[in-house]
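Once you know that position 323 of the sequence shown is 323 in this note's numbering, the rest is easy, because the numbers rise by one and skip nothing. Below is one structure; the comments refer to it alone.
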Amino acid sequence: MSKVEIGAAYIVAARRTAIGRVGGLHRNRRVEELAVPVVQSVLADAGIAPDQIDEIIIGNATQGGNPARLIALAAGLPERASAQTIDRQCASGLEAILAAARLVTLGDADAIVAGGAESLSNAPWRVAKPRSIYQLPRFVPVETVTAETAEEPQLFEASEDLARQLGITRQQQDDYALRSRRRAASAREARSFIGEIVPLRANVEEARDQSSIDPTLEEMAHAPAFVEPGGTLTQANTSAMHDGAAMVLVVSERRHAELGRPPALKLVSSAVAGVSPTVEAFAPIEATRKLYTKLNGFRRDQIRAFELSETSAAQAIALRDALQLDESILNAEGGAIARGHPFAASGAVLVVRLFSRLVRRGNEEARFGVATQGAIGGLGVAALFEAV
Numbered sequence: 001m002s003k004v005e006i007g008a009a010y011i012v013a014a015r016r017t018a019i020g021r022v023g024g025l026h027r028n029r030r031v032e033e034l035a036v037p038v039v040q041s042v043l044a045d046a047g048i049a050p051d052q053i054d055e056i057i058i059g060n061a062t063q064g065g066n067p068a069r070l071i072a073l074a075a076g077l078p079e080r081a082s083a084q085t086i087d088r089q090c091a092s093g094l095e096a097i098l099a100a101a102r103l104v105t106l107g108d109a110d111a112i113v114a115g116g117a118e119s120l121s122n123a124p125w126r127v128a129k130p131r132s133i134y135q136l137p138r139f140v141p142v143e144t145v146t147a148e149t150a151e152e153p154q155l156f157e158a159s160e161d162l163a164r165q166l167g168i169t170r171q172q173q174d175d176y177a178l179r180s181r182r183r184a185a186s187a188r189e190a191r192s193f194i195g196e197i198v199p200l201r202a203n204v205e206e207a208r209d210q211s212s213i214d215p216t217l218e219e220m221a222h223a224p225a226f227v228e229p230g231g232t233l234t235q236a237n238t239s240a241m242h243d244g245a246a247m248v249l250v251v252s253e254r255r256h257a258e259l260g261r262p263p264a265l266k267l268v269s270s271a272v273a274g275v276s277p278t279v280e281a282f283a284p285i286e287a288t289r290k291l292y293t294k295l296n297g298f299r300r301d302q303i304r305a306f307e308l309s310e311t312s313a314a315q316a317i318a319l320r321d322a323l324q325l326d327e328s329i330l331n332a333e334g335g336a337i338a339r340g341h342p343f344a345a346s347g348a349v350l351v352v353r354l355f356s357r358l359v360r361r362g363n364e365e366a367r368f369g370v371a372t373q374g375a376i377g378g379l380g381v382a383a384l385f386e387a388v
């Protein structure tokens, strides 16, 4: 048996939609309507024709079926192109990009479109059958574990437990959330998202994240707590589910050379870690720690960009402190608290953000960046990328 040649995987283009509130900006757009313009923009950026794409891999957690195939055909990719949908819940989009990179490094493909797309505004409802003939059918929520089916806490309860264990106060969370929103507002005013966001129609609303607002600390202080009594998590210091899509183009060493070796993100390493669902908010921390163990002497201070799609300010603070990060490199232009959390697309948004920070702007001071994402059920995914 011949030895498998391990190559490299390069992200040469990366785009996303504006992130819209559920029932808001993208309320009438199905998942393929969100994703197709982004796929087409990524291909145009890279100068690659649709018929040169070998596969498309999409992260999605609510649509059912194989929306990747619908997106592929609607975007004009060749019928021969393979298509698969990945569901690792909130980490689906990041996992889709890593799956594409693995296929490329093993020589199974030269060009793959990968990312995530989620239209919660138009997602089909899931209905569970009655437990007996005397009961009515009931709706099943997005979360995989609930108080009705298990003892594990739900999403915000897990972050509340994390805040309690680490002594993260309501004031600290509100302060962090306010800084995140102000960073996003400053980035928007500086036109930092030009070239990153694909407006789906020609108006201002399509070019900005819908939840990127700048409340006062006083307004945040009066927001009611989610978990009572004495809870610290509120609507103001957590991220809400949103609609959105984010895509990248992953190419092989050979195709990268054919394109003239344009600036790109190169995957260095990745890691996945599981924790108990009772402490699921710790999952991105554990995934990043596991990633560090694979870097074999790599100096961590070389990593000058971190992107986390946090469920809460408590989770972001915990990651910052556990990994001893300078807050200036963590979600430098606002995180999910500011822009929203497009569920299965959120991990792909992180990679698009890293592409903008490290590649699109040619930041010579920041060469390495990490995307890390937690997922419902106690899973974390982390990946290290290098700007080349």
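Note that CB positions come from ideal geometry on N, CA and C, so glycine has one too.
**Item:** Whole-number beta carbon distance between Ile48 and Ile58, since they are thought to touch under 8 angstroms
**Value:** Reading the sequence shown from its first residue, position 58 is the one you call residue 58. Reading the sequence shown from its first residue, position 48 is the one you call residue 48. For a cut-off of 8 angstroms, the C-beta gap from Ile58 to Ile48 is around 18 angstroms, too long to register as a contact.
**Prompt:** How many Å lie between Gly369 and Asp45 at the Cα?
**Reply:** Translated into the one-based positions of the sequence shown, residue 369 becomes position 369. Translated into the one-based positions of the sequence shown, residue 45 becomes position 45. Rounded to whole angstroms, the gap between the alpha carbons of Gly369 and Asp45 is 22 angstroms.
**Item:** Spatial neighbours of Glu205 in its chain, beta-carbon cut-off 8 angstroms, leaving aside the 5 residues before and after
**Value:** For this step, residue 205 is matched to residue 205 along the sequence shown. The answer, listed in chain order, is Ala18, Leu25.
**Message:** Is it buried or exposed, Asp321, if we count other Cβ atoms within 10 angstroms and call 16 or more buried?
**Reply:** For the purposes of this step, residue 321 is taken as the residue at position 321 of the sequence shown. By the beta-carbon neighbour count (other beta carbons within 10 angstroms, threshold 16), Asp321 is exposed.
**Pairwise C-alpha distance: Ala75 and Ala83** = For the purposes of this step, residue 83 is taken as residue 83 along the sequence shown, with counting starting at 1. For the purposes of this step, residue 75 is taken as residue 75 along the sequence shown, with counting starting at 1. Whole-angstrom Cα-Cα distance: 12 angstroms.
**Asked** My guess is that Arg88 and Val352 are in contact by the Cβ rule of under 8 angstroms, so how many angstroms apart are they, rounded?
**Response** Here residue 88 refers to the residue found at position 88 when the sequence shown is read from its first residue. Here residue 352 refers to the residue found at position 352 when the sequence shown is read from its first residue. About 18 angstroms separates the two Cβ atoms, so there is no contact after all.
**Item:** DSSP state of Ile329 mapped onto helix, strand, coil
**Value:** Here the question's residue 329 lines up with position 329 in the sequence shown. Residue state, collapsed to three classes: helix.
**Asked** Exposed or buried, which one is His222 when buried takes at least 16 other CB atoms within 10 Å?
**Response** Here residue 222 refers to the residue found at position 222 of the sequence shown. So His222 counts as exposed.
**His242 in three-state terms, based on DSSP** = The count along the sequence shown starts at 1 and reaches residue 242 at position 242. In the structure shown, His242 sits in a strand (DSSP, three-state: E or B).
**Item:** Range covered by the alpha helix (DSSP H) that runs through Tyr292
**Value:** Taking the sequence shown and counting its residues from 1, one reaches residue 292 at position 292. Its alpha helix (DSSP H) spans residues 283-293.
**Message:** DSSP has Leu265 in a bridge; who is on the other side?
**Reply:** Taking the sequence shown and counting its residues from 1, one reaches residue 265 at position 265. Paired residue(s): Ile11, Ala387.
**Message:** Mapping the DSSP letters down to three states, classify Phe156 as helix, strand or coil.
**Reply:** Residue 156 sits at position 156 when you count from the first residue of the sequence shown. Helix.
**Request:** Please determine, among Ala366, Thr288, Leu34, the residue with the shortest C-alpha to C-alpha distance to Ala117.
**Result:** Locating residue 117 in the sequence shown gives position 117, counting from the first residue. Closest option to Ala117, Cα to Cα, is Leu34.
**Message:** When you compare the CB positions of Ala240 and Gly340, do they come within less than 8 angstroms of one another, or not?
**Reply:** On the sequence shown, residue 240 is found 240 positions in, with the first residue counted as 1. On the sequence shown, residue 340 is found 340 positions in, with the first residue counted as 1. Taking 8 angstroms as the cut-off, the Cβ atoms of Ala240 and Gly340 count as close.
**Item:** Limits of the beta strand (DSSP E) - the one that Leu70 falls within
**Value:** What you label residue 70 is simply residue 70 of the sequence shown in a count that begins at 1. Where Leu70 is concerned, there is no enclosing beta strand (DSSP E), although the alpha helix (DSSP H) around it starts and stops at 67-74.
**Item:** For Glu196 and Ala207, the rounded distance between their alpha carbons
**Value:** Counted from its first residue, the sequence shown places residue 207 at position 207. Counted from its first residue, the sequence shown places residue 196 at position 196. Approximately 9 angstroms, taken between the alpha carbons.
**Request:** Could you pull the start and end residues of the beta strand (DSSP E) that Glu55 belongs to?
**Result:** Here residue 55 refers to the residue found at position 55 when the sequence shown is read from its first residue. Start and end: 55-59.
**Gly115 versus Pro263 - alpha carbon distance** = Reading the sequence shown from its first residue, position 115 is the one you call residue 115. Reading the sequence shown from its first residue, position 263 is the one you call residue 263. The alpha-carbon atoms of Gly115 and Pro263 are separated by roughly 19 angstroms.
**Prompt:** Would the beta-carbon of Gln40 fall within 8 angstroms of that of Ala111?
**Reply:** In the sequence shown, the residue the question calls residue 40 occupies position 40. In the sequence shown, the residue the question calls residue 111 occupies position 111. Going by C-beta atoms, Gln40 is not nearer than 8 angstroms to Ala111.
**Prompt:** Helix, strand or coil: how does DSSP classify Thr149 here?
**Reply:** The residue given as residue 149 occupies position 149 in the sequence shown. Note that Thr149 scores 41 on pLDDT, short of 50, meaning its location in the model is unreliable; the coordinates nonetheless yield the value given after this. Correct three-state label for Thr149: coil.
**Request:** Between the Cα of Cys90 and those of Leu166, Leu291, Ala371, Tyr176, spot the shortest distance and give me the residue it belongs to.
**Result:** Taking the sequence shown and counting its residues from 1, the one referred to as residue 90 is at position 90. Comparing Cα positions, the closest option is Ala371.
**Asked** Residue range of the alpha helix (DSSP H) that Ser180 falls in?
**Response** As a position in the sequence shown, residue 180 is number 180, starting the count at 1. Where Ser180 is concerned, the enclosing alpha helix (DSSP H) stretches over 170-189.
**Request:** Pick out the complete beta strand (DSSP E) segments inside the region 313-378, 3 residues or longer, and give them in chain order.
**Result:** You should have 368-375.
**Request:** Look up Ser82 in the DSSP assignment and give the residues it is bridged to.
**Result:** For this step, residue 82 is matched to residue 82 along the sequence shown. DSSP lists Glu55 as the beta-bridge partner residues of Ser82.
**Prompt:** Where does Arg16 sit, in a helix, a strand or coil, going by DSSP?
**Reply:** Within the sequence shown, residue 16 is the residue found at index 16, counting from 1. Looking at Arg16 - three-state DSSP - the assignment turns out to be strand.
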